[in-house]
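Here is the structure we will look at.
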Amino acid sequence: MLAKNGISRVVVASLMVLAVAGCRSPYHADRGAVGGGLLGAGMGALIGDASGNAAAGTAIGAGVGALTGAIIGTEMDDAEARNRALIEQKLGREVAAGTVTREEVIAMTNAGVDEPLIVNHIRARGMVAPPDANDLITLKQHGVSAAVIDAMQTSRPPQTTTVVREAAPTPVVVQEYHYGYGPPFHGPPYHRYHYPHARAGVRVMW
23 MLAKNGISRV
33 VVASLMVLAV
43 AGCRSPYHAD
53 RGAVGGGLLG
63 AGMGALIGDA
73 SGNAAAGTAI
83 GAGVGALTGA
93 IIGTEMDDAE
103 ARNRALIEQK
113 LGREVAAGTV
123 TREEVIAMTN
133 AGVDEPLIVN
143 HIRARGMVAP
153 PDANDLITLK
163 QHGVSAAVID
173 AMQTSRPPQT
183 TTVVREAAPT
193 PVVVQEYHYG
203 YGPPFHGPPY
213 HRYHYPHARA
223 GVRVMW
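The opening position of the sequence shown corresponds to residue 23 in my numbering, with each subsequent residue numbered one higher.
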């Protein structure tokens with residue numbers, strides 16, 4: 023039982039590492055390996071649980087799924103590389119990495135790049151932003167086809183990584199109060215009362 027639990031922990035930890043790395047990768051092979059590994063692990067766990075060995079099923083399913091996903095992703099990467107090479111041949115320069123801009127679509131159209139290549143390139147890379155009303159007018163003026171414009175409007179937004187920035191801590195102001203000794207307090211002036219002194223003597227009454 024302990025060995026099975028250990029295998030499960032190793033598989034889960036490995037999938038978590040692959041998920042973090044694969045989601046940030048621009049290649050379909052990496053993302054396919056992650057997606058296939060996660061899906062295969064889930065399916066393998068269900069099958070293994072039915073046979074009383076969920077840990078082994080999870081490990082086998084993750085391995086097979088990751089391998090299958092990587093193969094499919096590699097084929098997609100190769101197809102994109104071929105399309106990019108054909109586009110670069112028409113443009114006479116390298117295609118910029120990242121999402122596609124309106125200017126790049128116009129340049130590919132003016133260079134005579136085939137419509138399916140432009141559409142596939144847009145769907146594979148995504149657009150920086152969907153075209154607005156002014157963009158549509160400009161695209162039409164430059165002869166961009168309706169199919170290409172539709173791909174620009176329906177392409178998925180580029181994937182972004184959210185970065186969480188912690189706010190700087192609020193400075194703590196410490197006020198120090200110094201209590202000194204003031205001048206000595208003498209109180210109100212003290213007046214001593216002098217009583218009349220009685221004098222001893224003899225008084226003669228007539």
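Just so you know, even glycine gets a beta-carbon here, dropped at the ideal spot from N, CA and C.
| Item | Value |
| --- | --- |
| Whole-angstrom distance between ASP136 and LYS112, CA atom to CA atom | 9 Å |
| Where ARG124 falls, given that 16 or more other Cβ within 10 Å makes a residue buried | buried |
| DSSP state of VAL117 mapped onto helix, strand, coil | coil |
| Helix, strand or coil at VAL135 [DSSP, three-state] | coil |
| Contact check, VAL122 vs MET174, beta carbons under 9 Å | yes |
| DSSP-derived helix/strand/coil call for THR182 | In this prediction, THR182 has a pLDDT of 49, which is less than 50 and means its spatial position is unreliable; nothing more can be read from the coordinates. |
| Within 9 Å, strictly: CB atoms of HIS164 and ARG106 | no |
| Buried versus exposed, by CB contacts within 10 Å (16 or more), MET23 | For MET23, the predicted model reports a pLDDT of 44, less than 50, meaning its position is unreliable; a value from the coordinates is still stated below. The residue in question, MET23, is exposed, as its Cβ has fewer than 16 Cβ neighbours within 10 Å. |
| Beta-carbon proximity list for THR131, same chain, < 8 Å, skipping 5 on both sides | ILE140, HIS164, GLY165, VAL166, SER167, VAL170 |
| Expected contact under 8 Å - CB spacing of LEU161 and PRO152 to nearest Å | No, LEU161 and PRO152 are not in contact; Cβ-Cβ is about 12 Å, not under 8 Å. |
| Short Cβ contact (9 Å threshold) for ARG147 with GLY120 | yes |
| Option in GLU126, ALA133, PRO138 with minimal Cα separation from GLU102 | PRO138 |
| Alpha-carbon to alpha-carbon, LEU158 and MET149 | 14 Å |
| Distance between ASN156 and GLU110 (C-alpha atoms, nearest Å) | 28 Å |
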